[in-house]
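First residue of the sequence shown: 782, per my numbering; consecutive thereafter. Ideal Cβ placement from N, Cα and C applies to all residues, glycine included. Structure record follows, encoded as structure tokens.
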Amino acid sequence: MRKRQAKKRPLLPDPKFNDQLVTRFVNMMMWDGKKSVAFKIFYDAIDVVEQKKQDEEKSGLEIWKDALSNVMPHVEVRSRRVGGATFQIPMQIRPDRKVSTAMKWLISFARKRNEKAMAQKLAAEILAAAKEEGAAVKRRVDTHKMAEANKAFSHFRF
């Protein structure tokens with residue numbers, strides 16, 4: 782490697798919950814650099830989660846964090862060429878990649894839902910993921926199944 786690895790820039794915690802994870806999520810959700818719009822969508826979604834939640838002892842933010850951890854994959858398959866054939870090789874995922882993958886899935890599947898506003902879509906996906914259901918959780922289960930099915934090739938790991 783010739784170039785140095787880029788150094789991680791520190792993220793500012795968000796204004797309402799004072800949490801860096803929220804800022805990271807909002808940065809992923811943001812379109813066209815419209816951060817204030819993204820923050821408004823996120824906070825509205827958390828408010829909707831607060832209203833619709835079942836168990837009373839958890840806050841909307843805690844439910845969001847539960848949803849995120851339910852969507853996080855622990856293994857993934859990577860393609861690798863071995864002697865002309867391409868194998869899907871199951872690999873462990875780095876912790877920061879787990880988080881960003883979970884966020885990406887939550888956001889993309891929220892966008893595909895058919896509620897009216899993005900805040901409602903996101904809230905619905907968060908509530909579903911917190912209950913271990915919904916499209917994002919299904920994606921994690923499918924990823925784990927694929928890794929399990931290709932366990933025989935794990936000796937090709939690099």
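For Phe868, the uninterrupted beta strand (DSSP E) run begins and ends at Ala866 to Gln873, by DSSP.
Nearest neighbour of Ala910 by Cα position, chosen from Leu792, Lys926 and Lys834, turns out to be Lys834. Taken in chain order, the unbroken stretches of alpha helix (DSSP H) that lie wholly in the region 843-905 and span 4 residues or more are 876-893. Each residue's CA atom was taken as its position, placing Val918 and Arg783 some 39 Å apart.
According to the DSSP assignment, Glu929 belongs to the alpha helix (DSSP H) that extends over Ala916 to Ala930.
A residue is called buried when at least 16 other Cβ atoms come within 10 angstroms of its Cβ; Lys788 does not meet this threshold and is exposed. In this structure the region 892-901 touches the region 813-826; the number of beta carbon pairs closer than 8 Å is three or more. Taking C-beta atoms under 8 Å as the contact rule, Ile844 and Val830 qualify, at a distance of about 5 Å.
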